[in-house]
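**Q**
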Amino acid sequence: MVGAVSMIGEYLRVTPSELDRAVRDPEWALELAELVMDAQEDDAPTAADARHFSTYKTWNLLGFLLRRFGFPVDVVHGEEQFAEDEDWGYGPPRFLSVERVRAAALELERVSYDDLLRGVEVGELAEAKVYPMGWEQRGELEWARDYYGRLAVFFRAAAAGGDAVIVWLD
Numbered sequence: 000m001v002g003a004v005s006m007i008g009e010y011l012r013v014t015p016s017e018l019d020r021a022v023r024d025p026e027w028a029l030e031l032a033e034l035v036m037d038a039q040e041d042d043a044p045t046a047a048d049a050r051h052f053s054t055y056k057t058w059n060l061l062g063f064l065l066r067r068f069g070f071p072v073d074v075v076h077g078e079e080q081f082a083e084d085e086d087w088g089y090g091p092p093r094f095l096s097v098e099r100v101r102a103a104a105l106e107l108e109r110v111s112y113d114d115l116l117r118g119v120e121v122g123e124l125a126e127a128k129v130y131p132m133g134w135e136q137r138g139e140l141e142w143a144r145d146y147y148g149r150l151a152v153f154f155r156a157a158a159a160g161g162d163a164v165i166v167w168l169d
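If you're matching positions, the sequence shown starts at 0 in numbering that gives the first Met the number 0 and goes up one per residue.
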């Protein structure tokens, strides 16, 4: 995998009241995200216990596979923009409501990574310019398997906790 610039998929679990405040005050939400990320830096919690989660550079591969599969929730980019004038790295953040987090969690449990890979040819990824590029061999698709599994765990925990999720690229 090669890429000149790192683009990282980021997720933050927030309570409904925190989401309401984030929508009203995106700068506060960014500060909250940074505080949570800093606090987790040393602890390295599991995906089930984390408030912040990252799919690292696999975000675009996962997005491609999920769209190709017809996944009903945009877990890679979020679905609702709330800070149009804010830039959290590579554009404004978006969020998934509590209801959409629950729907995503159910689907992530139902859809395996093998389901996503079924019938995929590496040429499709190159043609679609899937970041971070360099898709020459089918084995490279395995790179995101662990991230997908931990993303499912993160969403399951968020759904169980009644949380919404803020999503952004950094």
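Even for Gly, the Cβ is constructed at its ideal location relative to N, Cα and C.
Bear in mind that the values here come from a model prediction, so they are computed numbers and not experimental data.
Rank 152, 158, 132 by C-alpha distance to the C-alpha of residue 99 and give the top, closest one.
**A** That would be 158, whose Cα lies nearest to the Cα of residue 99.
**Q** Of the residues 93, 118, 68, 39, which one's Cα is nearest the Cα of residue 78?
**A** Comparing Cα positions, the closest option is 93.
**Q** Using 10 angstroms around the beta-carbon of residue 14, count the other beta-carbons present and answer buried if the total reaches 16, otherwise exposed.
**A** Its Cβ having fewer than 16 others within 10 Å, residue 14 is exposed.
**Q** Tell me whether residue 143 sits in a helix, a strand or coil according to DSSP, three-state version.
**A** The answer is helix: DSSP assigns residue 143 an H, G or I state.
**Q** When DSSP labels each residue in this structure, what does residue 8 get in the three-state scheme?
**A** Strand at residue 8.
**Q** Return the CA-CA distance between residue 152 and residue 131, expressed in angstroms with no decimal places.
**A** Rounded to whole angstroms, residue 152 to residue 131 spans 24 Å at the Cα level.
**Q** Please report the residue range of the beta strand (DSSP E) in which residue 49 lies.
**A** First-last for residue 49: undefined, no H or E at that position.
**Q** Could you please give me the residues that DSSP links to residue 79 through a beta bridge?
**A** Answer by DSSP bridge pairing, in chain order: 94.
**Q** Could you check the C-alpha separation between residue 80 and residue 166 for me, to the nearest Å?
**A** Each residue's Cα considered, the two are about 10 Å apart.
**Q** What residue does the beta strand (DSSP E) around residue 163 start on, and which one ends it?
**A** Note, residue 163: beta strand (DSSP E), 163 to 168.
**Q** Quick check: what's the CA-CA separation for residue 123 versus residue 28?
**A** If I take the Cα positions, the gap works out to 36 Å.
**Q** Residue 134 to residue 116, Cα distance in whole Å?
**A** Rounded to the nearest angstrom, the two C-alpha atoms are 14 Å apart.
**Q** Does DSSP put residue 55 in a helix, in a strand, or in coil?
**A** Three-state result, residue 55: strand.
**Q** Say yes only if the C-beta of residue 153 is nearer than 7 Å to one or more non-hydrogen atoms of the ligand SAM, and no if none qualify.
**A** The ligand SAM is not part of this structure, which contains no ligands at all.
**Q** Please say whether residue 58 and residue 35 have beta carbons closer to each other than 8 Å?
**A** Contact: no.
**Q** What span of residues does the alpha helix (DSSP H) with residue 32 cover, start to end?
**A** Here the alpha helix (DSSP H) through residue 32 covers 25 to 42.
**Q** In the structure shown, what three-state DSSP assignment does residue 100 receive?
**A** Residue state, collapsed to three classes: helix.
**Q** Starting from the Cα of residue 171, find the closest Cα among 63, 155, 65 and give me that residue.
**A** Residue coverage of the chain in this structure runs from 0 to 169, which leaves residue 171 outside it and unanswerable.
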